[in-house]
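Residue 20 is where the sequence shown starts when you use our numbering, and the numbers rise one by one after that.
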Amino acid sequence: MDGRKRTIGLILLASLALGLRVGAVVALQNDHAGPVSYEHGRIAKNILAGRGFSIEFLGSEGPTSQQAPFYPLLLAGFYWLFGPETSEAILAVQLLQCVVGTALVLAVVWLGSVLVPDKRVVGWTAGLGAAVYPAHVYMVTHLQVALWAALGLTVLLALSAAPRSRAGTLGPVLAGCLAGLLLLVEPIMALALPVCAILFSKRGPSDGEDGRWRLRMIGRPVVLLAATVVTITPWTIRNWGVHSELIFIKSTFGYAFWQGNNPISWGTDKIPKPSAEAMRLAHDGTLAGMDRALWEARHETLYIDDVLLKPTGYREFAGLSEPERSRLLGRRAWRFVRSHPGRYFRLCLQRASFFLLFDRTNPKAANRLYRAATVVWLVLAAVGLMVSLGHWRTLWPSYAIFGVVFVFHSLVIVSARFRIPVEPLSFVWAAMAVGPLAARLLPRRRIRVYPSGQGRAWRHDERTLQGPHWKAGRRRVA
Numbered sequence: 020m021d022g023r024k025r026t027i028g029l030i031l032l033a034s035l036a037l038g039l040r041v042g043a044v045v046a047l048q049n050d051h052a053g054p055v056s057y058e059h060g061r062i063a064k065n066i067l068a069g070r071g072f073s074i075e076f077l078g079s080e081g082p083t084s085q086q087a088p089f090y091p092l093l094l095a096g097f098y099w100l101f102g103p104e105t106s107e108a109i110l111a112v113q114l115l116q117c118v119v120g121t122a123l124v125l126a127v128v129w130l131g132s133v134l135v136p137d138k139r140v141v142g143w144t145a146g147l148g149a150a151v152y153p154a155h156v157y158m159v160t161h162l163q164v165a166l167w168a169a170l171g172l173t174v175l176l177a178l179s180a181a182p183r184s185r186a187g188t189l190g191p192v193l194a195g196c197l198a199g200l201l202l203l204v205e206p207i208m209a210l211a212l213p214v215c216a217i218l219f220s221k222r223g224p225s226d227g228e229d230g231r232w233r234l235r236m237i238g239r240p241v242v243l244l245a246a247t248v249v250t251i252t253p254w255t256i257r258n259w260g261v262h263s264e265l266i267f268i269k270s271t272f273g274y275a276f277w278q279g280n281n282p283i284s285w286g287t288d289k290i291p292k293p294s295a296e297a298m299r300l301a302h303d304g305t306l307a308g309m310d311r312a313l314w315e316a317r318h319e320t321l322y323i324d325d326v327l328l329k330p331t332g333y334r335e336f337a338g339l340s341e342p343e344r345s346r347l348l349g350r351r352a353w354r355f356v357r358s359h360p361g362r363y364f365r366l367c368l369q370r371a372s373f374f375l376l377f378d379r380t381n382p383k384a385a386n387r388l389y390r391a392a393t394v395v396w397l398v399l400a401a402v403g404l405m406v407s408l409g410h411w412r413t414l415w416p417s418y419a420i421f422g423v424v425f426v427f428h429s430l431v432i433v434s435a436r437f438r439i440p441v442e443p444l445s446f447v448w449a450a451m452a453v454g455p456l457a458a459r460l461l462p463r464r465r466i467r468v469y470p471s472g473q474g475r476a477w478r479h480d481e482r483t484l485q486g487p488h489w490k491a492g493r494r495r496v497a
C-alpha cells in the first residue's frame, strides 16, 4: 500500500471511529441517567473551591492520593471553563474523549503494523475492530480514566516495539516521558514497564559491530526508566509533603485489596442486590439501555464500604493518616487470605472470569449488547491467540502485558473498566484470525503468463503478460 492510499485509509477509519463516538455522545446526551464523574469530579470541585487535591475518604476529608492526578486535573480545567459538572463541561469532556478514542483506533493500527510488519492487513483489521467495538464506542460517554490509559499503553508499546525507536536516545526518552504520564493516569500500568525496557534492550538498526552496541543495549532501558522517574517526581514530592512518606502515585493498594478480599466480597468493590438480576432482564440491548441500566442499577448495588465500614462511623481510623488507614485494611485482608485460602482461591477464579467475561456485580455487564460484544471479543481473541503463536517472537510483548495485568487483577480486585486498557492489545491477536479471511474476500488482480501463440479468454480481473515470442503466433481474444 503506497503512502497516499494509506493516508486515505487512515482518514476513512478515523472518520468512522469519530462519527460513531460523537453519535453515541449525541444519542445519550439527553438521557436521564447522564454521566457521572465519581471521585475524580469531587476532587476537581475541591481544587476549584481552593481546598486543593482533596476528598473525603474513609471518614476523613483532606489532601489525598486516593486517585492519580491526571484525570481530576483535567476535569478541574473543564469545570473552570464551563462550570462544575454542568452539561456544557461534561459535553466538552465527552467530545475530547471522542478524539482520544479516535486516536486510540489509529494507535491500534500502528501497533498491529509494528508487531506484525509482514501482514499489513492485521493492523487495519485490528483498527477497524477497535473503531466499531461497542464498549470502546460507549466508554467515551462516561468520565472515566480507562480510555486514556488504553491510549497511553497502546502508544507506549508501539513506540517501544518500533525498530526506529532504538536508533538513538530520542526513542527511549520519549517512551520514558510517555510511561511517566501513563503512570500519572493509571499507576497499575507500571506492570508494562519491564516489557518496554526489554524491548529497548534489543539490538537497534544503528548498533554497529563494534563493542559499543552492548553498552547501547544497556543504556536505552536505563534512559527509559530515568525519564519515567523524572516525569513522576513532582507528584512524588507532593505526596511526600502531604503524607510525610514515600507514596508511589496512589496510596490505596491495601484498601483496594481489602475491598476484593473480605468475608462478604464478590472479588470486586460491590455486592449485587437480588433485584439487580431482575432489572438485568428488563431493559433492552441498546447503548441507551446500557446507560439507563447503569444509572438504575447503581441503586441496586451495595458498596463494600457502605456495608462494612460506614455502620461503625470509621471510628477505627481516628488519628491515622490516609496511607495508614489503607495499610490497616490491607493487613485485615491478608489475615482473611491466610485464614481462608480456599475462599481466596475461589475469589481469584471468580475475578478471572469477571475480567474475561462479565462482572456480575457491575451494572454494565447486564446489557445484552455488552455481553454479546464481549463474547465475540473473547472468541476472536482466543482463536487469534492460537493462530498467532507462529509470530510469538514479535507478539510476546502484548501477551506479557495482557497476562500480567490479568493475573494482577485476578489476585487483587477486578472491575469491568480494568480490562479496557489492555483490550487494544488483544485486537491484534483477533485480527490474526480475521485478517486472512478479510484478505481473501478482497478483490485481487492475478497476473498470468501464457506461451506465445496460445490464445486464452481473460476475465476482467486477469491480465495477460506476453511471452518473449508473442509474435510467433496469433493471439485469440474471446
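Ideal Cβ positions, reconstructed from N, Cα and C, are used throughout, including at glycine.
Since this is a predicted model, take the numbers as computed values, not measurements.
Run of the alpha helix (DSSP H) containing residue i, from where it starts to where it stops
i, result
"Tyr90", "Phe89 to Phe101"
"Glu104", "Here Glu104 belongs to no alpha helix (DSSP H), and DSSP marks it neither H nor E."
"Asn65", "Tyr57 to Leu67"
"Pro153", "Pro153 to Tyr157"
"Val208", "The identity of residue 208 in the sequence shown is Met, whereas the question assumes Val. No alpha helix (DSSP H) holds Met208; DSSP gives it neither H nor E."
"Trp396", "Arg387 to Val406"
"Trp285", "Unbroken run through Trp285: none, as it is neither H nor E."
"Val44", "Gly22 to Gln48"
"Phe272", "Phe272 to Gly279"
Buried or exposed (CB count within 10 angstroms, at least 16 for buried), residue i
i, result
"Thr3", "With the chain covering 20 to 497 only, the question about residue 3 has no answer from this structure."
"Leu115", "exposed"
"Thr252", "exposed"
"Gly120", "buried"
"Val496", "Because Val496 sits at a pLDDT of 45, beneath the cut-off of 50, its placement in the model cannot be relied upon, and the point is left open."
"Ala312", "Below a pLDDT of 50, predicted positions are generally treated as unreliable, and Ala312, at 48, falls in that range; the measurement from the model is reported next regardless. The residue in question, Ala312, is buried, as its Cβ has 16 or more Cβ neighbours within 10 Å."
"Val431", "buried"
"Leu31", "exposed"
"Ile74", "buried"
"Ala198", "buried"
"Ile323", "buried"
"Ala301", "Legend: pLDDT at Ala301 = 43, less than 50; position of this residue unreliable, value from coordinates given subsequently. Classification of Ala301: exposed, given that the 10 Å Cβ count is below 16."
"Arg222", "exposed"
"Ser294", "In this prediction, Ser294 scores a pLDDT of 42, lower than 50, which makes its location untrustworthy; the coordinate-derived value is nonetheless stated afterwards. Under this definition Ser294 is an exposed residue."
"Met451", "buried"
"Lys329", "exposed"
Simplified DSSP state of residue i, which is helix, strand or coil
i, result
"Gly78", "coil"
"Ser429", "helix"
"Ile290", "strand"
"Ser372", "helix"
"Leu265", "coil"
"Ser340", "coil"
"Ser358", "helix"
"Ser498", "The chain is shown only over 20 to 497; residue 498 falls outside these bounds and no answer can be derived."
"Ser73", "strand"
"Ser220", "coil"
"Ala165", "helix"
"Trp178", "The sequence shown places Leu at residue 178, rather than the Trp named in the question. In the structure shown, Leu178 sits in a helix (DSSP, three-state: H, G or I)."
"Ser345", "helix"
"Arg494", "Low confidence applies here, because Arg494 scores a pLDDT of 46, under 50, leaving its location unreliable and the question unanswered by this model."
"Lys329", "helix"
"Val135", "coil"
"Ala186", "coil"
"Ser434", "coil"
"Thr247", "helix"
"Val447", "helix"
"Arg379", "coil"
Bounding residues of the beta strand (DSSP E) (the contiguous stretch that carries residue i)
i, result
"Tyr322", "Thr320 to Tyr322"
Whole-Å CB distance - residue i paired with residue j, under 8 Å assumed
i, j, result
"Phe101", "Glu341", "That belief does not hold up - the Cβ atoms of Phe101 and Glu341 are roughly 30 Å apart, past 8 Å."
"Leu125", "Leu29", "6 Å"
"Pro282", "Phe336", "Not really, about 19 Å apart at Cβ, beyond 8 Å."
"Ala95", "Leu67", "6 Å"
Point to revise | Contact the segment 165-183 vs the segment 371-385: 3+ CB pairs below 8 Å | key: No, the segment 165-183 is not in contact with the segment 371-385.
**Study point:** Three or more C-beta pairs below 8 Å linking the segment 158-167 and the segment 403-414
**Key:** These segments do not touch.
Practice item. Would you check if there are 3 or more beta carbon pairs closer than 8 Å linking the segment 211-220 to the segment 238-255? Key: Touching, per the Cβ criterion.
Check your understanding: For the 8 Å Cβ check, are there 3 or more pairs between the segment 352-366 and the segment 78-94?
Key -> They do not touch, by the three-pair rule.
Practice item. Decide if the segment 31-47 is in contact with the segment 154-164; the criterion is three or more beta carbon pairs, one per stretch, under 8 Å apart. Key: The count of Cβ pairs closer than 8 Å, one atom from the segment 31-47 and one from the segment 154-164, reaches three, so the stretches are in contact.
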